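Report on the structure given below.
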Ligand SMILES: *Cc1c(COP(=O)(O)O)cnc(C)c1O
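Numbering (this note's numbering), first residue to last: 8 to 395.
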């Protein structure tokens, strides 16, 4: 089976991890701060805080921004559940904003319309989480302008978007947000085995996130309530977690980061190949927004079902039978049973639901060979039979 995504591990990556295994520190050593620094300087942010997953990064980002009971967080229904769950961890509530039918990202005009109503009803969101789906940057200028007008904070979920650019600058520089979150799960563009990093330009937010990641404990006398009792001294000054990244993960991440730009270039090459191969077929290929450079974490096609004799499910299963490990990103979060119990359901976000009925993620990763891609294209062409 050709998977929809997979990691690329080189000898240099292996050597970097072995070096850590043979060193003094497996955790809380020099590699984690080096990885944080490398990510922050790559994307152009002042601070990076590394944790054990993007899910943890979203959680501590929400906490740093003061999200709590009585507050609302809004996100896109077309995302992984973690983008929404982070609000529930903080005791806050979640609502959704429908997607733009072209970019599949949170639609700024739907956001504006919902904000107008929410302001009237006195339930404006404290945080909005735009998700750069597939690696394509959201319309951040528009969302940022609304944040200025309505006073909400922004956490970019850039789990798909490391190496992508918005208006010529790397996603993650937080020019139009408070915090950006990256994932280093093996299926993402670069991996640390598991892991996440939150970037920000705000020193206080970075400090708060660093505290939450490790039990709320500090060794910095400037943050303590008294002069340290001695050189052993530390203080717990808030409630935190153990969300730490290991040295092994950080070393792998540092090694992978060196290949980021070449990975993204290769992903664009694969996208151009698909684009050419599918021209004229009843398939909608991904649009590239004019102010963005996608990281192409995913290659999502949408089926024009009225021109195809098979159903969405039949096409999906035909591809799997041909050895193409297609996937579907994502089942709309608001129709997950857990969210339906909160009162959401079918019909609430029609563009997201329409997308779900048509979308298929094709194999997209830097080491996909052109022979494999030819196989994928052939399988798609045979599955998308025109009605007879
Ligand atoms: C993968 C992913 C996450 C969660 O990342 P982890 O590192 O696995 O916790 C969150 N949001 C989106 C959009 C993702 O794709």
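Ideal placement from N, C-alpha and C gives every residue a C-beta, glycine not left out.
No experiment lies behind these values; they were computed from the predicted model shown.
Per DSSP, reduced to three states, the secondary structure at residue 263 is helical. Residue 78 sits close to residue 99, with the two beta carbons spaced by under 8 Å. Only exposed fits residue 232, as fewer than 16 other CB atoms lie within 10 angstroms of its CB. CA-CA distance, residue 254 to residue 363, rounds to 39 Å. 8 Å or more divides the Cβ of residue 36 from the Cβ of residue 44. Residues whose Cβ lies closer than 6 Å to any heavy atom of ligand 1, listed in chain order: 60, 61, 62, 86, 87, 89, 90, 138, 164, 166, 167, 190, 192 and 203. Residue 299 sits close to residue 173, with the two beta carbons spaced by under 8 Å.
For residue 378, the enclosing alpha helix (DSSP H) begins and ends at 377-390.
Residue environment analysis places residue 239 among the exposed positions, since fewer than 16 neighbouring C-beta atoms fall within 10 angstroms of its C-beta. Note on residue 229: under 16 other CB atoms within 10 angstroms of its CB, so exposed under the neighbour-count rule.
With respect to residue 391, residue 312 sits apart: the two C-beta atoms are not nearer than 8 Å. Contact check between the region 151-161 and the region 256-272: fewer than three CB pairs, one atom from each, fall below 8 Å, which does not count as touching. By the Cβ rule, the region 65-74 does not count as touching the region 115-122, because fewer than three pairs are nearer than 8 Å. Relative to the Cα of residue 306, the nearest Cα in the group 368, 140, 247 and 127 belongs to 368.
Take the alpha-carbon of residue 182 and the one of residue 31: they are about 38 Å apart. Ranked by Cα distance from residue 143, the first of 156, 133, 165 and 126 is 165. Residue 141 counts as buried, since at least 16 other C-beta atoms from the protein chains shown sit within 10 angstroms of its C-beta. Cα atoms of residue 354 and residue 107: separation of roughly 16 Å, rounded to the nearest angstrom.
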